[in-house]
Amino acid sequence: MLDEFVRYLEAERRYSPLTVRNYRHDVSQFLAWTGCADSEEELRRITTDDIRAWILHRTEEGHLGAASMNREVSSLRSFFRWLLARGVVERNVTQPVSSLRTSRRLPAFVPESRMGGIVRDCEFPTDDFRCERNSLIVLMLYACGLRLAELIGINRDDFADNYTSLRVRGKGDKERIVPILEFLREKILHYIGLIERQNICNSTEKALFLTHKGKRIARITVYRIVKEELARGGVQGKKSPHVLRHTFATHLLNGGADMREIQELLGHASLEATQVYTHNSIARLREAYAKAHPREKDGKC
Numbered sequence: 001m002l003d004e005f006v007r008y009l010e011a012e013r014r015y016s017p018l019t020v021r022n023y024r025h026d027v028s029q030f031l032a033w034t035g036c037a038d039s040e041e042e043l044r045r046i047t048t049d050d051i052r053a054w055i056l057h058r059t060e061e062g063h064l065g066a067a068s069m070n071r072e073v074s075s076l077r078s079f080f081r082w083l084l085a086r087g088v089v090e091r092n093v094t095q096p097v098s099s100l101r102t103s104r105r106l107p108a109f110v111p112e113s114r115m116g117g118i119v120r121d122c123e124f125p126t127d128d129f130r131c132e133r134n135s136l137i138v139l140m141l142y143a144c145g146l147r148l149a150e151l152i153g154i155n156r157d158d159f160a161d162n163y164t165s166l167r168v169r170g171k172g173d174k175e176r177i178v179p180i181l182e183f184l185r186e187k188i189l190h191y192i193g194l195i196e197r198q199n200i201c202n203s204t205e206k207a208l209f210l211t212h213k214g215k216r217i218a219r220i221t222v223y224r225i226v227k228e229e230l231a232r233g234g235v236q237g238k239k240s241p242h243v244l245r246h247t248f249a250t251h252l253l254n255g256g257a258d259m260r261e262i263q264e265l266l267g268h269a270s271l272e273a274t275q276v277y278t279h280n281s282i283a284r285l286r287e288a289y290a291k292a293h294p295r296e297k298d299g300k301c
């Protein structure tokens, strides 16, 4: 049944390979723990108490945090919803199970003053393929607010004819159009011209971001590139592609962009996912207030 469920996620839900892999891992791990064989008869024997016992096992013995546990339970919810729709089980045993309460953490982002210097360094054109590719990766993540999987999935024909916009395939294979700013457009054109002049791209590969052998770049390579580039730019704390996505959203909000517009640019399904950036804005205002207000500086508040 698990193999059929995975094929459903790939073919009908069109989830990314990484998401499908996580779902398979979560469900198979639970089934192995229960000792339940992957058959209709065995799956019908699973109860809500089994789900709750699994949560206790993972959080107490496995020391799993609430957010990670909720993700695993979400995988089980999807699996049992699918079983119910298929008529394999009579009820979804995960339905009575509540999600664990999580503390809301503010998304990490790079301050505008620091990001400005990084962008200026990345804008400077060179004839070095790796340097241009790495710089463009940072600029695309920051200027377009892309997810890591979205960046890797970009093909050269996803751009409009004049390179002023980009068609992005997001979660659930949903598409959105992201505008390309002029400074980024010039960088893209320079990079594409470079890989053509240096004959890096082979005739069958459509990917924008390539290895030196002309193949589509890997997730781990992009992650390493971003970490190195941000460290070189003096960024402290977390350094990842998603930090640049958070930075994009936070800077837009601080610059006065409408929340709905940011939601559309990020490809969020709901406004609630976007509203977390308002907390960053409030935190920034509170910090500025604490530094500037005379009563706060005198310690009299």
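Residues in the sequence shown are numbered from 1 upward in steps of one, following my numbering.
Yeah, the Cβ is synthetic: ideal placement off N, Cα and C, and Gly gets one too.
Within the region 51-131, the alpha helix (DSSP H) runs of at least 4 residues that lie entirely inside it are, in chain order, 66-86 and 112-123. In the structure shown, residue 245 falls within a helical segment according to DSSP collapsed to helix, strand and coil. Less than 8 Å divides the Cβ of residue 229 from the Cβ of residue 138. Per DSSP, the beta-bridge partners of residue 159 are 166. With distances taken between CA atoms, residue 91 lies nearest to 81 out of 97, 81, 98 and 99. Straight-line spacing of the CA atoms in residue 151 and residue 141 works out to 7 Å.
Where residue 232 is concerned, the enclosing alpha helix (DSSP H) starts and stops at 219-232. Under the DSSP assignment, residue 176 falls in the beta strand (DSSP E) whose first and last residues are 175-179. Look at residue 24 here: in three-state DSSP terms it is helix. Residue 242 sits away from residue 109, with the two beta carbons spaced by 8 Å or more.
In this structure, the straight-line span from the alpha carbon of residue 119 to that of residue 128 is close to 17 Å.
Partner residues in the beta bridge of residue 216, as assigned by DSSP, are 210. In this structure residue 174 touches residue 267 by the C-beta definition: roughly 7 Å separates them, less than 8 Å.
Here the C-alpha atom of residue 28 lies approximately 42 Å from the C-alpha atom of residue 234.
The beta carbons of residue 169 and residue 153 sit about 6 Å from each other, so the pair counts as a contact at 8 Å. Distance from the CA of residue 184 to the CA of residue 23, rounded to the nearest whole angstrom, comes to 36 Å.
Within a 10 Å sphere around the beta-carbon of residue 274 sit 16 or more other beta-carbons, which makes this residue buried.
The DSSP-derived three-state label of residue 34 is helix. Taking the Cα of residue 76 as reference, the smallest distance to any Cα among 59, 46, 232 and 62 is reached at 46. If you draw a 10 Å sphere on the C-beta of residue 54, you find 16 or more other C-beta atoms in it, and that means buried. Within 10 angstroms of the beta-carbon of residue 25 lie fewer than 16 other beta-carbons, which makes it exposed.
In this structure, 251 is the residue among 251, 258, 260 and 261 with its C-alpha nearest to the C-alpha of residue 113.
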